[in-house]
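Chemist: Residue numbers (the numbering used here): 584 to 1061.
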Amino acid sequence: MAEQEKEATLPSKENFSEWYNDMLQIAEIMDVRYPVKGSYVWYPFGFSIRRNVYDIIRGLLDKDHQETLFPLLIPENEFMKEAEHIKGFEEEVYWVLNGGTTPLDVKLALRPTSETAIYPMYRLWVRSHADLPLKLYQIVNTFRYETKHTRPLIRLREITSFKEAHTVHATWDEAASQVDEAIRLYIEFYRRLAIPVLPSKRPSWDKFPGADYTIAVDSLMPDGKTLQVGTAHHLGDNFAKTFDIKYEDIDGEQVYAHQTCYGVSERCIATLLSTHGDDKGLVLPPEIAPTQVVIIPIIFKEPEAVLNACNDVKAELEAAGVRVTIDDSDKRPGSKYYKWEMKGVPLRIEIGPRDLKNEAAMLARRDTGEKEQVPLASIKDEVLSRFEIIQVALLEKATAELNERIFDCSTVDDVKERVQDGIALVPWCGEEKCGLDLDEQAGAGILGIPTDMDEDGTYKCPICSKETRTRVYVARTY
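(1) Does the Cβ of Pro883 have 16 or more other Cβ atoms within 10 Å, making it buried, or fewer, making it exposed?
(2) Judging by CA-CA distance, which residue of Ser968, Pro880 and Gly904 is the nearest neighbour of Ile932?
(3) DSSP puts Leu781 in a beta bridge; with which residues?
(4) What does the alpha-carbon distance come out to for the pair Cys1047 and Ile632?
(5) Distance check for Leu1021 and Tyr1042, CA to CA, integer angstroms please.
(6) State the beta-bridge partners of Cys844 as determined by DSSP.
(7) In the DSSP assignment, what are the bridge partners of Ser600?
(8) Could you tell me whether the Cβ of Ala840 comes closer than 8 Å to any Cβ of chain B?
(9) At a cut of 8 Å, does the segment 781 to 793 reach the segment 725 to 741 through at least three beta carbon pairs?
(10) Identify which residue in Ile934, Leu865 and Arg767 has its Cα closest to the Cα of Glu887.
(11) Would you mind sorting Ala823 into buried or exposed? The rule is 16 or more other CB atoms within 10 Å of its CB.
(12) Checking 8 Å against the spacing of the C-beta atoms, do Ser783 and Pro1033 come in under that value?
(13) Could you check if Leu803 is buried or exposed, using at least 16 other CB atoms within 10 Å of its CB as the buried criterion?
(14) For Met1036, does the three-state DSSP call read helix, strand or coil?
(15) Using CA atoms only, rank isn't needed, just tell me which of Val615, Val619 and Lys620 is closest to Gly629.
(16) Would you say the beta carbon of Thr797 is closer than 7 Å to some non-hydrogen atom of the ligand NAD?
(17) Quick test of the definition: if touching needs 3 or more C-beta pairs under 8 Å, does the segment 996 to 1003 touch the segment 719 to 737?
(18) Between which two residues does the alpha helix (DSSP H) carrying Phe1062 extend?
(19) Anyone know if the C-beta pair for Tyr720 and Ala748 falls short of 8 Å?
(20) For Gln587, which three-state DSSP category applies?
(21) Below 6 Å CB to CB, which residues in the same chain sit around Glu901 once its five sequence neighbours on both sides are set aside?
(22) How many Å lie between Phe970 and Val762 at the Cα?
(23) Give the single residue among Ile701, Gln811, Ala840 and Glu987 whose Cα lies nearest to the Cα of Trp755.
(24) Whole angstroms are fine: how far does the CA of Glu942 sit from the CA of Lys914?
(25) When you compare each of Pro695, Ser697, Trp678 and Tyr830 to Asp688 by their alpha carbons, which one comes out closest?
(26) Taking the beta carbon of Thr684 as the centre, do at least 16 other beta carbons fall within 10 Å, making it buried, or is it exposed?
(27) At which residues does the beta strand (DSSP E) containing Thr908 begin and terminate?
(28) Below 8 Å CB to CB, which residues in the same chain sit around Val680 once its five sequence neighbours on both sides are set aside?
(29) Between which residues of its own chain and Gln587 is the CB-CB distance below 7 Å, once the five residues before and five after are set aside?
(30) Is the distance from the Cβ of Val866 to the Cβ of Arg949 below 8 Å?
(31) What is the rounded straight-line gap between the Cα of Ala591 and the Cα of Thr1051?
(32) Roughly how many whole angstroms lie between the Cα atoms of Gly671 and Glu601?
(33) In the DSSP output, what is Phe990 paired with across the bridge?
(34) What span of residues does the alpha helix (DSSP H) with Ala947 cover, start to end?
(35) Where do the N-terminal and C-terminal ends of the beta strand (DSSP E) with Lys954 fall, by residue?
(36) So, are the CB atoms of Ile1006 and Tyr1061 less than 8 Å apart?
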């Protein structure tokens, strides 16, 4: 008898680093074997998850933004205009020096981000207050020469899926409102992924180069580190002055515009897979799953009747917009369960002769493993209602796990202990020196001041002992 093909299994998720790397390969998300450090290849299955995720953010943005596409190459003279901005990126830039064998007259940067590609065009496009606000976004690849340890979806040299929005406004306050709106949009985006995130205002030394201030959102990974999964930057009129972006106001005066930019990368997929996945593989929210339902025929007699029933269910669900696959391969049922559990399919329907006799089907949830028999006559409603239940359950579970790993701390020793397993909420006087000292002594970094939390108490800074009403998130980070 031929030896059965051995199924690859994942290590325990408690060993998160190993689990994460194996999951990307076994579940066919990304292939890490491309021969350029920090560049990886999307498998078709992984890319279909990416497409579903980015369709959500497109849908949220398209209500009042327009999608566009700017060039990858940025001339050195434009790239070098904004001194503070360039200082933040100068060690990470890839430069194109030759066209074929001919040296270029002007070096060309591969965009690490697109401010210096987009804003020379905004100078041409923005003329009057009637042109404002201008809200554009693009989803592109960006390049950064990362010298730290690279990791698929988390720290890359080629970011393949960078959504960056760039807006122009008449006033500083209008731009500030847009930053708040961007963060609201990100929170909604991650709610759709069933991921709770923490918004916070970054300290001055960690803001985007050239910005007035930065607000970011972070998620908590299974190993207790946080992952920055979205940023929004108030640029003031800094870039407008550099690139001469002016508009004529209602009094006929030429006025510098105020700008924002905000971005999300494929880190959103890293946190999606990491937060919900388990020792069996992926666990995907129904909206994201490439296959939402897999139907497994249980065939040991009456094969034609069973397959006909499976096809009828598939047709009914597809008519309701559900993405369905029938696995009628020759593999044994256990192998089929393993395959589709690894790929995170939210619901499995099993139909066999006994089920047909009862005019029913067996419904199994990926997130909990619960199985129940449901009537075939109401299968569409049963599936759609389970989708809603699964979405809520995933978000509630992830939120509870996050809340359990946020710790109130008052001393540096408290912080050092707690950041090994999560996030410390720590008093801070607001002085940069104390903030940097806290980072160094705790062996972790200040994320920022929570923007969704009203403080009503008085605390003492653990570094200088000054009284303060401000607390900050502190965590180990990727």
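The C-beta atom is built at its ideal place from N, Cα and C for all residues, glycine as well.
Modeler: Let me spell this out:
(1) Taking the first residue of the sequence shown as 1, we reach residue 883 at position 300. Looking at the sequence shown, residue 883 is not Pro but Phe. Burial call: exposed.
(2) On the sequence shown, residue 932 is found 349 positions in, with the first residue counted as 1. A check of alpha carbon separations from Ile932 across Ser968, Pro880 and Gly904 identifies Pro880 as the nearest.
(3) Numbered from 1 along the sequence shown, position 198 holds the residue referred to as residue 781. DSSP lists Asp801 as the bridge partner or partners of Leu781.
(4) Translated into the one-based positions of the sequence shown, residue 1047 becomes position 464. Translated into the one-based positions of the sequence shown, residue 632 becomes position 49. Annotation: Cys1047 to Ile632 spans about 48 Å, alpha carbon to alpha carbon.
(5) Taking the first residue of the sequence shown as 1, we reach residue 1042 at position 459. Taking the first residue of the sequence shown as 1, we reach residue 1021 at position 438. Roughly 15 Å separates the two Cα atoms.
(6) In the sequence shown, counting from the first residue as 1, residue 844 sits at position 261. Among the bridge pairs identified by DSSP, Cys844 is matched with His749 and His816.
(7) Sequence index remark: in the sequence shown, residue 600 carries index 17 (1-based). Paired residue(s): none; Ser600 is not in a bridge.
(8) This model lacks chain B altogether; it includes just one protein chain.
(9) Cβ pair count under 8 Å is below three, so no.
(10) For this step, residue 887 is matched to residue 304 along the sequence shown. Minimum Cα distance to Glu887 is reached at Ile934.
(11) To locate residue 823, count along the sequence shown from 1; it is residue 240. Buried.
(12) On the sequence shown, residue 783 is found 200 positions in, with the first residue counted as 1. On the sequence shown, residue 1033 is found 450 positions in, with the first residue counted as 1. Cβ distance < 8 Å, so Ser783 and Pro1033 count as in contact.
(13) Reading the sequence shown from its first residue, position 220 is the one you call residue 803. Of the residues assessed, Leu803 falls on the buried side of the cut-off, its CB having 16 or more other CB atoms within 10 angstroms.
(14) By one-based count along the sequence shown, residue 1036 stands at place 453. Coil, per DSSP.
(15) Locating residue 629 in the sequence shown gives position 46, where the first residue counts as 1. Minimum Cα distance to Gly629 is reached at Val615.
(16) The model depicted lacks the ligand NAD and carries no ligand whatsoever.
(17) No, the segment 996 to 1003 does not touch the segment 719 to 737.
(18) Only positions 584 to 1061 of the chain appear in the structure, and residue 1062 is not among them; the question remains open.
(19) The count along the sequence shown starts at 1 and reaches residue 720 at position 137. The count along the sequence shown starts at 1 and reaches residue 748 at position 165. Contact flag set, yes.
(20) Here residue 587 is taken as the residue at index 4 of the sequence shown, counted from 1. In this predicted model, Gln587 has a pLDDT of only 43, less than 50, meaning its place in the structure is not dependable; the value taken from the coordinates is given anyway. In the structure shown, Gln587 sits in coil (DSSP, three-state: anything other than H, G, I, E or B).
(21) As a position in the sequence shown, residue 901 is number 318, starting the count at 1. Here the set comprises Val907.
(22) The sequence position of residue 970 within the sequence shown is 387, counting from 1. The sequence position of residue 762 within the sequence shown is 179, counting from 1. Rounded to whole angstroms, Phe970 to Val762 spans 32 Å at the Cα level.
(23) By 1-based counting over the sequence shown, the position of residue 755 is 172. Closest option to Trp755, Cα to Cα, is Ala840.
(24) Taking the sequence shown and counting its residues from 1, one reaches residue 914 at position 331. Taking the sequence shown and counting its residues from 1, one reaches residue 942 at position 359. Each residue's Cα considered, the two are about 25 Å apart.
(25) As a position in the sequence shown, residue 688 is number 105, starting the count at 1. Distance check between Asp688 and each of Pro695, Ser697, Trp678 and Tyr830 places Trp678 closest, using alpha-carbon atoms only.
(26) For the purposes of this step, residue 684 is taken as residue 101 along the sequence shown, with counting starting at 1. It is exposed - the Cβ of Thr684 has fewer than 16 other Cβ atoms within 10 Å.
(27) Locating residue 908 in the sequence shown gives position 325, counting from the first residue. Element bounds for Thr908: Val907 to Ile909.
(28) On the sequence shown, position 97 is the one that residue 680 refers to. Here residue 680 is Leu; the residue named in the question, Val, does not match the sequence. Annotation for Leu680: Pro686, Leu687 and Lys690 place their beta carbon closer than 8 Å to its own, counting only its chain and skipping 5 residues before and after.
(29) Sequence index remark: in the sequence shown, residue 587 carries index 4 (1-based). With a pLDDT of 43 at Gln587, under the threshold of 50, the modelled position of that residue is not reliable, and the figure given next carries that caveat. Cβ within range, chain order: n/a, list empty.
(30) Locating residue 866 in the sequence shown gives position 283, counting from the first residue. Locating residue 949 in the sequence shown gives position 366, counting from the first residue. In contact: Val866 and Arg949 (Cβ atoms closer than 8 Å).
(31) Position 8 of the sequence shown, counting from 1, holds the residue named residue 591. Position 468 of the sequence shown, counting from 1, holds the residue named residue 1051. One C-alpha to the other measures close to 53 Å.
(32) On the sequence shown, residue 671 is found 88 positions in, with the first residue counted as 1. On the sequence shown, residue 601 is found 18 positions in, with the first residue counted as 1. Using only the alpha carbons, I get a separation of about 32 Å.
(33) Here the question's residue 990 lines up with position 407 in the sequence shown. Per DSSP, the beta-bridge partners of Phe990 are Ala1007.
(34) Translated into the one-based positions of the sequence shown, residue 947 becomes position 364. Following the DSSP letters along the chain, one finds Ala947 in no alpha helix (DSSP H) but inside the beta strand (DSSP E) bounded by residues Ala943 to Arg948.
(35) Indexing the sequence shown from 1 puts residue 954 at position 371. In the DSSP annotation of this structure, the continuous segment of the beta strand (DSSP E) that includes Lys954 starts and ends at Lys954 to Pro958.
(36) As a first step, residue 1006 must be located in the sequence shown, where it is residue number 423. As a first step, residue 1061 must be located in the sequence shown, where it is residue number 478. No, the pair does not count as a contact, with Cβ atoms beyond the cut-off.
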